[in-house]
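Q: Residue numbers (the working numbering): 671 to 1082. From the three backbone atoms N, C-alpha and C, an ideal C-beta is built for every residue, glycine too. Being a predicted model, the structure only gives us computed values, none of them experimental.
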Ligand code: ADP
Ligand code: ASP
Ligand code: MG
């Protein structure tokens, strides 16, 4: 008999009806004789609701209190599921992150799991109980509640699966696997039977929110068999298996592109007319880094006179205002340049390990976008991805036309 860690996301526990369905599914696995540890998210929309409440009180609430607040959503669902399981005659116990022994560092809102003490969970499992753990949260060494970043319940699931040496970590969500593009905007997207850790990491970091990037990192590092499945279908089907990167798992005919990701959560900042001399990039990005703002793409142009340059970069939209203010300070100090910003941008990326051995991906991408009348504003590449920044209005058109151009559409 197997040990499964089953994580259910927000929409999968979004109502009492859905929670009862989760109890039924877990009951089915128990009847087959498997041990089950369940990890839950808050009801869909709940974490956003809590964040909005805090903002009504304070523009920049204390990180500690913020984590205290947003961690409560998961406490509701775990208790309700434990009740639903008991109601169905299945012994179950719910645990907060702290009770489940999930110890993190102290980086509120983006804490990293340091260790998990699984003794309590193991004892419960031995007694035939289902263990229901609150996702997204842990506790630091001093007993403060911490959270793992948006979408962090995925990471709780995979980390628990690693610590318990589970046979599989199953991520149940509102789609039946990982697709070649977000199926909500690309109707022709196809479900992938499997995808490598490396590609999934890239897709996740480029905006495919189906798995939190940390959860994929954990799965790669600790070799956790990880599968994405639908909680909305009676029979869950095979879903998508995230497989290790070793060569054997790759088929001989690796497709050029495995998937397309899009991200509409970034903003672009440009310093126009910065002096074109050594040290300027450091001057511009120094204060941004000091403020812990993550910079994604960077582009520097040389202007014809060789004296001044335009310097652009992207940051998360949440950091835009802060970054803008910091840049105004930099420009004032340099005594040159002007800050302009744009929040209505999107980044669309092609991902595929097959790109390594094939040329021509960029040119086909640019040709396709040009034919669709989409202007490219920034580009960045790596061995297995190409990202372009464009106006946000073009996101869906870009994803769909690229999906067709690269032969990813499902058969009619
Ligand atoms: P949960 O609440 O279960 O954690 P999320 O909303 O975080 O669910 O993630 C599932 C969503 O991810 C899907 O509804 C889908 O719109 C989106 N998504 C983005 N890219 C992809 C992709 N390549 N494959 C599948 N889903 C994707
Ligand atoms: N409830 C948290 C969020 O909305 C964590 C999660 O759902 O994974 O980000
Ligand atoms: Mg999620």
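#1: Among the candidates 713, 739, 714 and 712, whose CA atom is the shortest distance from the CA of residue 725?
#2: Count the other C-beta atoms from every protein chain shown that fall within 10 angstroms of the C-beta of residue 938, then say buried if there are 16 or more, exposed otherwise.
#3: According to DSSP, residue 1138 sits in a beta bridge with which residue or residues?
#4: If residue 754 sits next to residue 804, beta carbons under 8 Å apart, how far is it from one beta carbon to the other, in whole angstroms?
#5: Roughly how far, in whole angstroms, is the beta-carbon of residue 1006 from the beta-carbon of residue 943, given that I think they are within contact range, below 8 Å?
#6: Under the criterion of a Cβ to heavy atom distance below 7 Å, does residue 877 qualify as lining the ligand MG?
#7: Between which two residues does the beta strand (DSSP E) containing residue 943 stretch?
#8: Taking a contact to mean a Cβ-Cβ separation below 8 Å, would you say residue 874 touches residue 865 in this structure?
#9: Between 913, 707 and 678, which has its C-alpha nearest residue 890's C-alpha?
#10: Can residue 1076 and residue 927 be called in contact, C-beta distance under 8 Å?
#11: With 16 other CB atoms within 10 Å as the buried threshold, where does residue 995 fall?
#12: Let me make sure I understand the geometry here. Which of 973, 929, 876 and 933 has the alpha-carbon closest to that of residue 1074?
#13: Any heavy atom of the ligand ASP closer than 7 Å to the beta-carbon of residue 1002?
#14: For residue 934, I'd like the list of residues in its chain whose CB is within less than 7 Å of its CB, leaving aside the five on either flank, ordered along the chain.
#15: I'd like the list of long-range same chain contacts for residue 977, defined as Cβ closer than 8 Å, with 5 residues on each side in sequence excluded.
#16: Do residue 981 and residue 965 have their C-beta atoms closer together than 8 Å?
#17: Relative to the ligand MN, what is the chain-ordered list of residues with a Cβ closer than 5 Å to any of its non-hydrogen atoms?
#18: Quick check on the DSSP output: the beta strand (DSSP E) that includes residue 932 runs from which residue to which?
#19: Grouping DSSP H, G and I as helix and E and B as strand, with all else coil, what is residue 902?
#20: Within 10 angstroms of the Cβ of residue 772, are there 16 or more other Cβ atoms? Answer buried if so, exposed if not.
#21: Taking buried to mean at least 16 other C-beta atoms within 10 Å of its own C-beta, is residue 787 buried or exposed?
#22: Return the first residue and the last residue of the alpha helix (DSSP H) that residue 689 is part of.
#23: If we call anything under 8 Å between Cβ atoms a contact, is residue 781 one with residue 816?
#24: Please state the DSSP three-state secondary structure of residue 982.
#25: Going along the chain, which residues of its own chain have a beta-carbon closer than 7 Å to the beta-carbon of residue 714, five neighbours each way excluded?
#26: Quick one: what's got a C-beta closer than 7 Å to residue 846's C-beta in the same chain, skipping five residues either side?
#27: Which of the three DSSP states is assigned to residue 1035 in this structure?
#28: As a quick exercise: from 743, 834 and 971, pick the residue whose alpha carbon is nearest that of residue 721.
#29: Taking 8 Å as the cut-off, decide whether the C-beta atoms of residue 885 and residue 843 are in contact.
#30: What are the boundary residues of the alpha helix (DSSP H) that residue 889 is part of?
#31: Could you tell me the distance, in whole angstroms, from the CA atom of residue 833 to the CA atom of residue 1072?
#32: Looking at C-alpha atoms only, which residue of 706, 1011 and 1067 is the closest neighbour of residue 827?
#33: Identify the continuous beta strand (DSSP E) that holds residue 967 and give its terminal residues.
#34: At a cut-off of 7 Å, is residue 844 close to the ligand ASP when judged by its beta-carbon and the heavy atoms of the ligand?
#35: May I ask which residues mark the beginning and end of the alpha helix (DSSP H) holding residue 743?
#36: Taking all protein chains shown into account, decide if residue 808 is buried (16 or more other Cβ within 10 angstroms of its Cβ) or exposed.
A: Reading off the structure:
#1: Here residue 725 corresponds to residue number 55 of the chain shown, with the count starting at 1. Here the closest residue by C-alpha is 739.
#2: As a position in the chain shown, residue 938 is number 268, starting the count at 1. Label assigned to residue 938: buried.
#3: This structure does not reach residue 1138, given that the chain is present from 671 up to 1082, and the question cannot be answered.
#4: The sequence position of residue 754 within the chain shown is 84, counting from 1. The sequence position of residue 804 within the chain shown is 134, counting from 1. Between residue 754 and residue 804 a beta carbon distance of about 16 Å is seen, past the 8 Å cut, so the two are scored as non-contacting.
#5: As a first step, residue 1006 is located in the chain shown; it is residue number 336 there, counting from the start. As a first step, residue 943 is located in the chain shown; it is residue number 273 there, counting from the start. Confirmed, Cβ separation roughly 6 Å.
#6: Against the chain shown, residue 877 aligns to sequence position 207. No, the ligand MG has no heavy atom inside 7 Å of this Cβ.
#7: Sequence index remark: in the chain shown, residue 943 carries index 273 (1-based). Run containing residue 943: 936-945, per the beta strand (DSSP E) assignment.
#8: Looking up residue 874 in the chain shown gives position 204. Looking up residue 865 in the chain shown gives position 195. Contact flag unset, no.
#9: Taking the first residue of the chain shown as 1, we reach residue 890 at position 220. Comparing Cα-Cα distances from residue 890 to each of 913, 707 and 678, the minimum goes to 913.
#10: Translated into positions along the chain shown, residue 1076 becomes position 406. Translated into positions along the chain shown, residue 927 becomes position 257. Yes. Within cutoff.
#11: Stepping through the chain shown from its first residue, residue 995 is reached at position 325. Exposed, by the Cβ-count rule.
#12: Along the chain shown, one-based indexing puts residue 1074 at 404. When only C-alpha atoms are compared, the closest one is 929.
#13: Walking along the chain shown from the start, residue 1002 turns up at place 332. Checking the Cβ of residue 1002 against the ligand ASP gives no.
#14: Here residue 934 corresponds to residue number 264 of the chain shown, with the count starting at 1. Around residue 934: 1016, 1062 and 1065.
#15: In the chain shown, counting from the first residue as 1, residue 977 sits at position 307. These residues qualify, in order along the chain: 945 and 946.
#16: Along the chain shown, read from residue 1 onward, the residue named residue 981 stands at position 311. Along the chain shown, read from residue 1 onward, the residue named residue 965 stands at position 295. Cβ atoms of residue 981 and residue 965: not closer than 8 Å.
#17: Of the ligands this structure carries, namely the ligand ADP, the ligand ASP and the ligand MG, none is the ligand MN.
#18: Taking the chain shown and counting its residues from 1, one reaches residue 932 at position 262. Residue 932 -> beta strand (DSSP E) spans 929-933.
#19: Here residue 902 is taken as the residue at index 232 of the chain shown, counted from 1. It is coil, neither helix nor strand.
#20: On the chain shown, position 102 is the one that residue 772 refers to. Counting Cβ neighbours within 10 Å, residue 772 comes out buried, since at least 16 surround it.
#21: Here residue 787 is taken as the residue at index 117 of the chain shown, counted from 1. Exposed, since its Cβ has fewer than 16 Cβ neighbours within 10 Å.
#22: If you number the chain shown from 1, residue 689 lands on position 19. If you look at residue 689, you'll find it in the alpha helix (DSSP H) that goes 686-701.
#23: To locate residue 781, count along the chain shown from 1; it is residue 111. To locate residue 816, count along the chain shown from 1; it is residue 146. For residue 781 and residue 816, yes; Cβs fall inside 8 Å.
#24: To locate residue 982, count along the chain shown from 1; it is residue 312. Residue 982: strand per DSSP, three-state reduction.
#25: Position 44 of the chain shown, counted from the first residue, corresponds to residue 714. For residue 714, where only same-chain residues beyond five positions count, the Cβ hits under 7 Å are 680, 681 and 684.
#26: The sequence position of residue 846 within the chain shown is 176, counting from 1. Cβ within range, chain order: 861, 899, 900, 903, 907 and 909.
#27: As a working mapping, residue 1035 is identified with position 365 in the chain shown. In this structure, DSSP gives residue 1035 a helical state, which the three-state scheme calls helix.
#28: Position 51 of the chain shown holds residue 721. The candidate whose alpha carbon is nearest that of residue 721 is 743.
#29: For this step, residue 885 is matched to residue 215 along the chain shown. For this step, residue 843 is matched to residue 173 along the chain shown. No. Outside cutoff.
#30: Translated into positions along the chain shown, residue 889 becomes position 219. 883-891 is the span of the alpha helix (DSSP H), which, as asked, contains residue 889.
#31: On the chain shown, residue 833 is found 163 positions in, with the first residue counted as 1. On the chain shown, residue 1072 is found 402 positions in, with the first residue counted as 1. Roughly 40 Å between the two C-alpha positions.
#32: In the chain shown, counting from the first residue as 1, residue 827 sits at position 157. Nearest of 706, 1011 and 1067 to residue 827, Cα basis: 706.
#33: Here residue 967 refers to the residue found at position 297 when the chain shown is read from its first residue. Start and end: 965-972.
#34: Residue numbering aside, residue 844 sits at position 174 when the chain shown is read from its first letter. It does not: the Cβ of residue 844 is nowhere closer than 7 Å to a heavy atom of the ligand ASP.
#35: Taking the chain shown and counting its residues from 1, one reaches residue 743 at position 73. Per DSSP, residue 743 belongs to the alpha helix (DSSP H) from 742-757.
#36: Translated into positions along the chain shown, residue 808 becomes position 138. That one is buried.
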